[in-house]
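Chemist: Pasting a structure here, questions to come.
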Amino acid sequence: MTNGYDVIVVGGGNAALCAALAAAEGGTKVLVLERAPLAERGGNSAYTDGKMRFAYTSQEDIVRLSEDLSEEEIANSDFGVYTESDFFDDMARITQHRCDPDLAEILVKQSNPTIHWLKANGVRFMPNYGRQAYRVNGKFKFWGGVPIVTWGGGVGLVDALYNAAEKKGIDIRYDAWVQDLLLREGRVVGVSARLDGVVRPIEAHAVVLGCGGFEANTEWRTRYLGPGWDLAKVRGTKYNTGDGLAMALKIGAQPYGHWSGCHAVGWERYATDFGELAVTPNFQRHSYTFAIMVNAEGKRFVDEGADIRNYTYAKYGHAVLAQPGQFAWQIYDAKVHDLLLGEYHTRQVTKVRADTLEELADAMGDVDKGQFLRTVREYNAAVRDDRPFDPNSKDGRSTVGLALPKSNWALAIDTAPFEAYAITCGVTFTFGGLRINNDGQVMNTNHEPIAGLFAAGEMVGGIFYFNYPGASGLTSGSVFGRLAGAGAARFARAG
Numbered sequence: 364m365t366n367g368y369d370v371i372v373v374g375g376g377n378a379a380l381c382a383a384l385a386a387a388e389g390g391t392k393v394l395v396l397e398r399a400p401l402a403e404r405g406g407n408s409a410y411t412d413g414k415m416r417f418a419y420t421s422q423e424d425i426v427r428l429s430e431d432l433s434e435e436e437i438a439n440s441d442f443g444v445y446t447e448s449d450f451f452d453d454m455a456r457i458t459q460h461r462c463d464p465d466l467a468e469i470l471v472k473q474s475n476p477t478i479h480w481l482k483a484n485g486v487r488f489m490p491n492y493g494r495q496a497y498r499v500n501g502k503f504k505f506w507g508g509v510p511i512v513t514w515g516g517g518v519g520l521v522d523a524l525y526n527a528a529e530k531k532g533i534d535i536r537y538d539a540w541v542q543d544l545l546l547r548e549g550r551v552v553g554v555s556a557r558l559d560g561v562v563r564p565i566e567a568h569a570v571v572l573g574c575g576g577f578e579a580n581t582e583w584r585t586r587y588l589g590p591g592w593d594l595a596k597v598r599g600t601k602y603n604t605g606d607g608l609a610m611a612l613k614i615g616a617q618p619y620g621h622w623s624g625c626h627a628v629g630w631e632r633y634a635t636d637f638g639e640l641a642v643t644p645n646f647q648r649h650s651y652t653f654a655i656m657v658n659a660e661g662k663r664f665v666d667e668g669a670d671i672r673n674y675t676y677a678k679y680g681h682a683v684l685a686q687p688g689q690f691a692w693q694i695y696d697a698k699v700h701d702l703l704l705g706e707y708h709t710r711q712v713t714k715v716r717a718d719t720l721e722e723l724a725d726a727m728g729d730v731d732k733g734q735f736l737r738t739v740r741e742y743n744a745a746v747r748d749d750r751p752f753d754p755n756s757k758d759g760r761s762t763v764g765l766a767l768p769k770s771n772w773a774l775a776i777d778t779a780p781f782e783a784y785a786i787t788c789g790v791t792f793t794f795g796g797l798r799i800n801n802d803g804q805v806m807n808t809n810h811e812p813i814a815g816l817f818a819a820g821e822m823v824g825g826i827f828y829f830n831y832p833g834a835s836g837l838t839s840g841s842v843f844g845r846l847a848g849a850g851a852a853r854f855a856r857a858g
């Protein structure tokens with residue numbers, strides 16, 4: 364393989380491709396090495412819905428990004444606003460004030476310009492009517508700070524970024540498994556990669572690692588996340604096994620962030636072990652705010668209405684994994700069936716339906732029937748009826764007197780037919796990563812930048828702790844991918 368590259372980008376998802384585009388815009392010759400084959404390209408990004416959180420202050424921002432909106436759609440949509448201050452507050456609150464302040468500032472302040480940069484590079488956006496808005500008095504009201512989504516979801520985002528990369532003349536190799544970094548006199552000068560079955564060196568002036576966390580590595584999950592995490596399902600690509608982290612740590616990169624933390628959700632109980640693009644989106648179970656969740660003992664174990672789902676779904680997978688048998692059931696009655704997201708109506712569900720709660724318990728089979736019926740009875744008796752139900756906002760419709768309350772969207776489970784959906788834990792990505800400086804350059808354990816080495820995406824530590832504001836992962840990948848690519852280009856040009 365001919366050398367002569369200025370920047371090598373390891374990985375093939377959103378963060379890596381944004382790094383490649385930014386490096387090319389910086390006037391450098393770029394090579395992208397994607398471990399997956401062409402049909403599975405895109406890393407975890409391809410498995411997402413394509414939602415992106417960003418700061419905006421007016422409806423015009425959304426309209427400019429969503430060029431296909433009609434005048435009628437605009438008139439019938441309340442997009443609200445989501446300011447930089449709102450984004451900062453969410454990052455601080457959700458991470459229990461542990462997020463790195465410099466990284467949080469970069470993420471928040473660069474979120475809006477980066478979204479518009481993506482659009483300029485061919486990524487198409489649209490309002491997320493299906494998942495982030497309900498119709499109120501004839502008008503769609505958006506909630507949760509996430510009004511837009513990419514056309515075609517994660518696959519659409521990935522395809523648009525690859526098209527942009529090809530237009531910029533970026534070389535892309537698939538089935539390219541990078542296994543080591545090349546180091547010369549303390550400087551990263553390329554990678555060692557398996558191409559066409561042969562391991563060979565490829566040199567460059569700078570390397571950007573954007574090849575994901577270690578969520579698909581069973582041994583690493585158990586080592587860092589703890590006992591039981593070997594039993595979690597992997598929502599995304601099977602290729603995110605921590606290789607980039609391992610090769611960086613090997614040369615003295617500084618680990619940073621929440622290495623015992625991850626993004627984990629309630630997931631179809633009998634989902635595939637790893638993501639499969641054709642079916643994986645149907646494994647999501649994110650309508651739990653309108654349900655109660657019970658474990659095998661028939662007991663509730665989380666406050667299903669603690670907050671808008673964007674701020675709880677990424678931590679509730681942890682709670683499910685901690686239950687007996689690592690599973691739970693979501694219980695709904697007929698009053699909310701029309702609010703369930705589309706994946707609840709696909710073939711990829713473990714679902715039971717009954718006209719009585721007794722029959723529902725029998726159909727579930729692996730739940731303590733007596734305790735389940737007591738749980739529902741006690742919950743129903745505790746539901747307050749003095750506040751209206753509002754699916755678009757935290758409505759304060761809560762329970763009273765329960766040891767474990769439901770703080771919002773509390774409706775009695777009393778209207779047949781009843782439905783129950785079986786879930787387990789699905790791990791999305793890991794929070795631990797590498798320490799970078801404000802140029803995206805990887806720092807070593809002596810708190811010095813490693814010459815020639817940059818990182819982006821899931822590989823950046825210090826951003827998310829304990830939990831995660833929904834839809835900020837893709838935004839983080841784009842922001843820090845762009846940062847790392849630009850930094851790598853400057854480093855490469857400097858010689």
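The numbers in the sequence shown follow this note's numbering, run straight up by one, and end at 858.
Here a beta-carbon is modelled for each residue, glycine too, at the ideal position from N, C-alpha and C.
Indicate the three-state DSSP secondary structure (helix, strand or coil) for Trp692 in the structure shown.
Modeler: The answer is strand: DSSP assigns Trp692 an E or B state.
Chemist: Given a threshold of 16 other Cβ atoms within 10 Å of its Cβ, counted over all protein chains shown, does Asn809 qualify as buried or as exposed?
Modeler: Exposed, because fewer than 16 other Cβ atoms sit within 10 Å of the Cβ of Asn809.
Chemist: Specify, as a first and last residue, the run of the alpha helix (DSSP H) that Asp729 falls within.
Modeler: Careful: Asp729 lies outside any alpha helix (DSSP H) and carries neither H nor E.
Chemist: Tell me which residue opens and which closes the beta strand (DSSP E) that Leu401 is part of.
Modeler: Premise fails: Leu401 is in no beta strand (DSSP E) and is neither H nor E.
Chemist: Taking Cβ to Cβ, would you say Ala847 is nearer than 9 Å to Gly620?
Modeler: Not in contact: Ala847 and Gly620 (Cβ atoms no closer than 9 Å).
Chemist: Straight-line CA distance for Lys698 to Gly668?
Modeler: Straight-line Cα distance between these residues: approximately 16 Å.
Chemist: From what residue to what residue does the beta strand (DSSP E) around Glu566 run?
Modeler: Segment 561–572, the beta strand (DSSP E) holding Glu566.
Chemist: Decide if Lys613 is buried, meaning its Cβ has at least 16 other Cβ atoms within 10 Å, or exposed.
Modeler: The residue in question, Lys613, is exposed, as its Cβ has fewer than 16 Cβ neighbours within 10 Å.
Chemist: Compare the C-alpha of Ala852 against each of Val393, Val373, Gly375, Gly367 and name the closest.
Modeler: Selected option, being the one with the closest Cα: Val393.
Chemist: Taking contact to mean 3 or more Cβ pairs, one atom from each stretch, closer than 8 Å, check whether the stretch 413–424 and the stretch 438–452 are in contact.
Modeler: The stretch 413–424, when compared against the stretch 438–452, does touch it at the 8 Å Cβ threshold.
Chemist: Do you know offhand how far Met364's Cα is from Ala383's?
Modeler: Residue placement at Met364 is flagged as unreliable, the pLDDT there being 41, under the threshold of 50; a coordinate-derived value is accordingly withheld.
Chemist: Taking Cβ positions, are Gly576 and Tyr602 nearer each other than 9 Å?
Modeler: Cβ distance not < 9 Å, so Gly576 and Tyr602 don't count as in contact.
Chemist: Are the Cβ atoms of Leu797 and Asn377 separated by less than 9 Å?
Modeler: No. Outside cutoff.
Chemist: What's the call for Gly605, buried or exposed, on a 16-neighbour Cβ count within 10 Å?
Modeler: So Gly605 ends up on the buried side.
Chemist: Going by DSSP in three states, Arg856 sits in which element: helix, strand or coil?
Modeler: Reduced to three states, the DSSP call for Arg856 is helix.
Chemist: Around the Cβ of Gly840, are there at least 16 other Cβ atoms within 10 angstroms (buried) or fewer (exposed)?
Modeler: Buried, by the Cβ-count rule.
Chemist: Hey, is the stretch 445–458 in contact with the stretch 512–526, meaning 3+ C-beta pairs nearer than 8 Å?
Modeler: Contact between the stretch 445–458 and the stretch 512–526 is absent, because fewer than three Cβ pairs lie under 8 Å.
Chemist: Of all the beta strand (DSSP E) runs that stay within the bounds of the stretch 505–587, which reach a length of 3 or more residues?
Modeler: Fully enclosed beta strand (DSSP E) runs of 3 or longer: 511–513, 534–536, 540–547, 550–558, 561–572.
Chemist: Ser835 to Met454, Cα distance in whole Å?
Modeler: In a straight line, the C-alpha of Ser835 is about 9 Å away from that of Met454.
Chemist: Going by beta-carbon coordinates alone, are Ala814 and Val551 separated by less than 9 Å?
Modeler: For Ala814 and Val551, yes; Cβs fall inside 9 Å.
Chemist: Which class does Met806 belong to by DSSP, given the choice of helix, strand or coil?
Modeler: Correct three-state label for Met806: strand.
Chemist: Can you have a look at Ala857 and say buried or exposed, based on whether 16 or more other CB atoms are within 10 angstroms of its CB?
Modeler: So Ala857 ends up on the exposed side.
Chemist: Compute the Euclidean distance between the alpha carbons of Phe505 and Gly833, then round it to the nearest angstrom.
Modeler: Their Cα atoms are separated by approximately 14 Å.
Chemist: In the structure shown, what three-state DSSP assignment does Ala378 receive?
Modeler: Helix at Ala378.
Chemist: Taking the alpha helix (DSSP H) that Gly680 falls in, what are its first and last residues?
Modeler: Start and end: 676–684.
Chemist: May I ask which residues mark the beginning and end of the beta strand (DSSP E) holding Arg798?
Modeler: Unbroken run through Arg798: none, as it is neither H nor E.
Chemist: So, is Leu608 buried or exposed, given that buried needs 16 or more other C-beta atoms within 10 angstroms?
Modeler: By the 10 Å Cβ count, Leu608 comes out buried.
Chemist: Looking at the secondary structure, which residues open and close the beta strand (DSSP E) in which Leu816 lies?
Modeler: It spans 812–818 - the beta strand (DSSP E) in which Leu816 sits, taken as one unbroken run.
Chemist: Output yes or no for whether 9 Å exceeds the beta carbon distance between Trp772 and Phe690.
Modeler: For Trp772 and Phe690, no; Cβs fall outside 9 Å.
Chemist: Considering only C-alpha positions, which residue in the set Leu428, Ala483, Ala409, Phe451 is nearest to Glu388?
Modeler: Looking at the Cα atoms, Ala483 is the closest of the given residues.
Chemist: Is the distance from the Cβ of Gly850 to the Cβ of Gly820 below 9 Å?
Modeler: It is not a contact, given that the beta carbons lie outside the stated cut-off.
Chemist: Taking its Cβ as the centre, do 16 or more other Cβ atoms sit within 10 Å of Arg845, making it buried, or is it exposed?
Modeler: The residue is buried, with at least 16 neighbouring Cβ atoms inside 10 Å.
Chemist: Going by DSSP, name the residue or residues bridged to Ser440.
Modeler: DSSP, once it has assigned bridges, lists Phe503 as partnering Ser440.
Chemist: Give me the DSSP bridge partner(s) of Gln422.
Modeler: Per DSSP, none; premise fails for Gln422.
Chemist: So what's Arg760 in DSSP terms, helix, strand or just coil?
Modeler: If DSSP states are grouped into helix, strand and coil, Arg760 belongs with coil.
Chemist: Could you spell out the range, first to last residue, of the alpha helix (DSSP H) harbouring Ile671?
Modeler: No alpha helix (DSSP H) contains Ile671, which DSSP labels as neither H nor E.
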